[in-house]
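Each residue of the sequence shown is one higher than the one before, counting from 31 in the numbering used here. The beta-carbon is built from N, C-alpha and C at its ideal position, and this holds for glycine as well. To start, the structure itself, in structure tokens.
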Amino acid sequence: MNKTLLVYLLIQILRGGVVVTYRNNNEVYEPIKIFTPFSKLNSIFHKVINTNITGLDSIMYGQNTYKFTKVMHQENPEARNKLSKGHAMDLTTSVFEKLPDIFINEVEDKTNYIKIIGRENNKRVYKYIKRKYVIDHENLNKYKVLLPKSNGSGAIGEVLSTPLIGEPLIGHTQTFISIGAFDKKIEAENVMKYIKTKFARTLLGVLKITQDNPPAKWKYVPLQDFTSNSDIDWTKSIHEIDEQLYRKYNLSKDEIEFIETKVKEMN
31 MNKTLLVYLL IQILRGGVVV TYRNNNEVYE PIKIFTPFSK LNSIFHKVIN TNITGLDSIM
91 YGQNTYKFTK VMHQENPEAR NKLSKGHAMD LTTSVFEKLP DIFINEVEDK TNYIKIIGRE
151 NNKRVYKYIK RKYVIDHENL NKYKVLLPKS NGSGAIGEVL STPLIGEPLI GHTQTFISIG
211 AFDKKIEAEN VMKYIKTKFA RTLLGVLKIT QDNPPAKWKY VPLQDFTSNS DIDWTKSIHE
271 IDEQLYRKYN LSKDEIEFIE TKVKEMN
């Protein structure tokens, strides 16, 4: 190999960085498992998971929650040609534009219709669709919180893009995900407060490092009791709820300072 080629190859290697790994045969360390570049976030994360938490993802529903029924296609055979191949049963992000005769703006008699939230012309909108055209789902007739499936950039502590309370008979397209299937509206309102806390969004930052925001990213945000029997007083302000959560998970002064300085406030 000539010297010019050797120098070129070395330059290319160095551009990508050099990793030097040391191994000490005399030491036994704990597995790293989940890693974040913030030491304080690592310590917060380990304190929380050591309480054997169940994650908020356990009551979350993904972008494919709502799907068309076969009846929709039987009564509207032209619809299949307007939908992407392989997504004929999906309420995709562009479904409002593709099926304007099925998703309509207003109906006089709403008895046999449900509402679906999605996006049209870069705006959040609700559309009506015949109830028999959408497969029944466990949170359709319940209260829930609706969140965009994509949010921000993945930076630690960023705000969530305007979560909403979804009332019974409201579903969503693949633009959104949802949290919960509650009989009482107040429980959905308590979830809304919780996901706005700095504490919850700090733990979300353990796995969410891009704009993608599926339920799996909420695995290390601990599930809470959102009823009136909770150990958290949900009647308090979001800031006061944060303070309760700091105490519940025994966070240190330095860990609290990390959250308070890194995470943006939500009202």
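Report task. Measure the beta-carbon distance from L170 to I147 and round it to whole angstroms, keeping in mind my assumption that it falls under 8 Å. Result -> To locate residue 170, count along the sequence shown from 1; it is residue 140. To locate residue 147, count along the sequence shown from 1; it is residue 117. At roughly 12 Å, the Cβ-Cβ gap does not stay under 8 Å, so L170 and I147 are not in contact.
Query raised in the report: Looking only at its own chain, which residues have a Cβ that is under 8 Å from the Cβ of T84, when we skip the five neighbours before and after it?
Result: On the sequence shown, position 54 is the one that residue 84 refers to. Close CB contacts of T84 within its chain, under the 8 Å cut and outside five residues either way in sequence, are with P252, L253 (chain order).
Report task. Over the uninterrupted beta strand (DSSP E) stretch that includes P110, give me the two end residues. Result -> Sequence index remark: in the sequence shown, residue 110 carries index 80 (1-based). For the record, residue 110 in the displayed sequence is Arg; it is not Pro. Counting along the chain, R110 falls outside any beta strand (DSSP E), though it belongs to the alpha helix (DSSP H) covering 109–112.
Query - Counterpart residues of F212 in DSSP-defined beta bridges - result: Taking the first residue of the sequence shown as position 1, residue 212 is located at position 182. Here F212 is bridged, per DSSP, to Y173.
Requested in this report: Give me whichever residues DSSP pairs with E150 in a beta bridge.
Outcome: Taking the sequence shown and counting its residues from 1, the one referred to as residue 150 is at position 120. For E150, which the question treats as bridged, DSSP gives the partners K153.
Query raised in the report: For the alpha helix (DSSP H) that contains L71, what are its first and last residues?
Result: Here residue 71 is taken as the residue at index 41 of the sequence shown, counted from 1. 69–79 is the span of the alpha helix (DSSP H), which, as asked, contains L71.
Report task. Name, in chain order, the residues that DSSP records as bridge partners for Y143. Result -> Here residue 143 is taken as the residue at index 113 of the sequence shown, counted from 1. Partner(s): K160.
Report task. Would you kindly report the start and end of the unbroken beta strand (DSSP E) that includes I200? Result -> What you label residue 200 is simply residue 170 of the sequence shown in a count that begins at 1. 200–202 is the extent of the beta strand (DSSP E) around I200.
Query raised in the report: If you draw a straight line from the C-alpha of P198 to the C-alpha of K160, how long is it?
Result: As a position in the sequence shown, residue 198 is number 168, starting the count at 1. As a position in the sequence shown, residue 160 is number 130, starting the count at 1. Per the coordinates, the alpha-carbon of P198 lies some 15 Å from the alpha-carbon of K160.
Query raised in the report: What is the residue span of the alpha helix (DSSP H) that L234 lies within?
Result: Counting from 1 along the sequence shown, the entry for residue 234 is found at position 204. Taken as a continuous stretch (DSSP letters only), the alpha helix (DSSP H) holding L234 covers 228–234.
Requested in this report: Please classify A218: is it buried, with 16 or more other beta-carbons within 10 angstroms of its beta-carbon, or exposed?
Outcome: The sequence position of residue 218 within the sequence shown is 188, counting from 1. Buried, by the Cβ-count rule.
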